[in-house]
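Numbering of the sequence shown is given in the working numbering, commencing with residue 986 and proceeding in unit increments. Note that CB positions come from ideal geometry on N, CA and C, so glycine has one too.
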Amino acid sequence: MNLAFLNIGTQEMMLIIIVILFLFGGKKLPELARGLGRGIREFKDASDGIKRELSDQINSFEKDLDVEVEEPKKSPVATAAPTASSMSEQMRAHAEEPKPTSTVPQFTTPAGTHQHNPNNTIADVPLATPTTDDSEASATKEA
986 MNLAFLNIGT
996 QEMMLIIIVI
1006 LFLFGGKKLP
1016 ELARGLGRGI
1026 REFKDASDGI
1036 KRELSDQINS
1046 FEKDLDVEVE
1056 EPKKSPVATA
1066 APTASSMSEQ
1076 MRAHAEEPKP
1086 TSTVPQFTTP
1096 AGTHQHNPNN
1106 TIADVPLATP
1116 TTDDSEASAT
1126 KEA
């Protein structure tokens, strides 16, 4: 049988109990167990207190964040009217400005390049003819 407590087997647990009995004796063992129980209870109480304090701090921090998020939602509504009037003024100012009359320059292809003609078909394009080197031709004749 293998106990899953602190990864200690049955034989090791029995050895520890025997050593404790020899060190403290049978009369002091109940007092030792009581003290151990009190220590564990105090540790649990302290850890619960720390958990409560942390959760209170987190909750108050979340409330502060919620308040900060809600405040910006209210302020854009109050500033929307002045923004709309300034936008309409800007639109009027741009409408009154003269429009540029410049034109785009005509595009020409560089010299020595071929311009694409979409009306060409594959039959109109000349096929490339393979050329062979003299050294390649002699090598194929010898083989």
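Practice task
Indicate whether I1181 and I1001 have their beta-carbon atoms separated by less than 9 Å.
Solution key: Lying before the first or after the last residue shown, residue 1181 is absent from the chain, which here runs from 986 to 1128.
Practice task
Using three-state DSSP, classify T973 as helix, strand or coil.
Solution key: Within the shown structure, residues of the chain are numbered from 986 to 1128, placing residue 973 beyond reach of any answer.
Handout entry: Under 9 Å between C-beta atoms of L1021 and F1009
Key = Numbered from 1 along the sequence shown, position 36 holds the residue referred to as residue 1021. Numbered from 1 along the sequence shown, position 24 holds the residue referred to as residue 1009. Going by C-beta atoms, L1021 is not nearer than 9 Å to F1009.
Exercise for the section: Whole angstroms is fine: what's the gap from K1036's alpha carbon to D1030's? Expected result: By one-based count along the sequence shown, residue 1036 stands at place 51. By one-based count along the sequence shown, residue 1030 stands at place 45. Computed Cα separation, rounded: 10 Å.
Practice task
Please list, in chain order, all residues of the same chain as V1004 whose beta carbon is under 8 Å from its beta carbon, the five residues on each side excluded.
Solution key: Counted from its first residue, the sequence shown places residue 1004 at position 19. Closer than 8 Å at the Cβ level, and outside the excluded window around V1004, lies no residue.
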